[in-house]
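Asks: Chains A and B, in that order, give the protein sequences. Count along the first sequence from 1, then add 106; that gives the number in this note's numbering. Count along the second sequence from 1, then add 500; that gives the number in this note's numbering.
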Amino acid sequence: GQQVMQIPQYQHVQEGEDFTTYCNSSTTLSNIQWYKQRPGGHPVFLIQLVKSGEVKKQKRLTFQFGEAKKNSSLHITATQTTDVGTYFCAGPTGGGADGLTFGKGTHLIIQP
Amino acid sequence: NAGVTQTPKFRVLKTGQSMTLLCAQDMNHEYMYWYRQDPGMGLRLIHYSVGEGTTAKGEVPDGYNVSRLKKQNFLLGLESAAPSQTSVYFCASSRDPIYEQYFGPGTRLTVT
Numbered sequence: 107g108q109q110v111m112q113i114p115q116y117q118h119v120q121e122g123e124d125f126t127t128y129c130n131s132s133t134t135l136s137n138i139q140w141y142k143q144r145p146g147g148h149p150v151f152l153i154q155l156v157k158s159g160e161v162k163k164q165k166r167l168t169f170q171f172g173e174a175k176k177n178s179s180l181h182i183t184a185t186q187t188t189d190v191g192t193y194f195c196a197g198p199t200g201g202g203a204d205g206l207t208f209g210k211g212t213h214l215i216i217q218p
Numbered sequence: 501n502a503g504v505t506q507t508p509k510f511r512v513l514k515t516g517q518s519m520t521l522l523c524a525q526d527m528n529h530e531y532m533y534w535y536r537q538d539p540g541m542g543l544r545l546i547h548y549s550v551g552e553g554t555t556a557k558g559e560v561p562d563g564y565n566v567s568r569l570k571k572q573n574f575l576l577g578l579e580s581a582a583p584s585q586t587s588v589y590f591c592a593s594s595r596d597p598i599y600e601q602y603f604g605p606g607t608r609l610t611v612t
């Protein structure tokens, strides 16, 4: 079945450093979504990318969707303590009704 | 709007006991999902529903049952709890299986 892989699993950064997480799918995706989960919280939808090569920005966050629509990345510029959490990518599960396949997430740990 | 709500927030069970987790959404979404989240395992789909009166198995359905008698509610049942079911359970809903999911706050279940 479809697999969505994320790397790295954990990332420690100093506050103010940049951070990037990468997502790769075993199949071509119609869209890719990103979610953020704060410690002790629940996943919250951040953004959806649909077009090949698409780039979207939300303040310090930059999201990219690969040309082949099989990979994506999330880049955070100048991290802040509020960025702490786990970032998940997710893609539709082969068009079925069972929704999305989630990557296992990247845990971002920020040291002041 | 409350979005997606879950009850209870915390629960401790003894092995062999049963319980029901309730999920409610006020967004008129057709699709609803139950996930469990364990350290290092990401989000794993237990069961899902494509509408009132319909349910289907996800990736890890064993030991769980579900019901969707009303469109806004999705219940997850554990008939005979086991320590392996200690986890955080999230409910989610969406208007379409390929689009963003809205998550509830989660239920932290411990089975001793």
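The beta carbon of each residue, even a glycine, is placed where N, CA and C say it ideally should be. Fair warning: this is a prediction, and the values are worked out from it, not measured in the lab.
Any idea what DSSP makes of A/S136, helix, strand or coil?
Replies: coil
Asks: Which one or two residues does DSSP pair with A/L155 in a beta bridge?
Replies: BP columns for A/L155 point to A/I138.
Asks: If you draw a straight line from the alpha carbon of A/E160 to that of A/E173, how long is it in whole angstroms?
Replies: 8 Å
Asks: Within the 7 Å Cβ cut-off, does B/Y533 reach chain A?
Replies: Yes, B/Y533 counts as interfacial toward chain A.
Asks: What does A/Q139 reach in chain B if we use C-beta pairs closer than 7 Å?
Replies: E600
Asks: I'd like to know whether the C-beta atoms of B/V504 and B/Y589 end up nearer to each other than 7 Å.
Replies: no
Asks: Could you tell me if the beta carbon of A/I138 falls within a distance shorter than 6 Å of some heavy atom in the ligand SAH?
Replies: Absence of the ligand SAH is noted for the structure shown, with no ligands found whatsoever.
Asks: So which of B/S594, B/L578 and B/G553 has the shortest CA-CA distance to B/K514?
Replies: B/L578
Asks: Whole angstroms is fine: what's the gap from A/T127's alpha carbon to A/A184's?
Replies: 14 Å
Asks: Compute the beta-carbon to beta-carbon distance between A/Q143 and A/T192, rounded to the nearest angstrom, for a pair I have assumed lies under 8 Å.
Replies: Confirmed, about 5 Å.
Asks: Under DSSP, the beta strand (DSSP E) around B/Q537 begins and ends at which residues?
Replies: It spans Y531 to D538 - the beta strand (DSSP E) in which B/Q537 sits, taken as one unbroken run.
Asks: Do we get a CB-CB distance below 7 Å when we pair A/H118 with the residues of chain B?
Replies: no
Asks: Compute the beta-carbon to beta-carbon distance between A/L135 and A/G197, rounded to the nearest angstrom, for a pair I have assumed lies under 8 Å.
Replies: 4 Å
Asks: So what does A/P198 bridge to, in DSSP terms?
Replies: A/L206
Asks: Could you tell me whether the Cβ of A/F208 comes closer than 7 Å to any Cβ of chain B?
Replies: yes
Asks: Hey, B/L522 and B/L609: beta-carbon distance below 7 Å or not?
Replies: no
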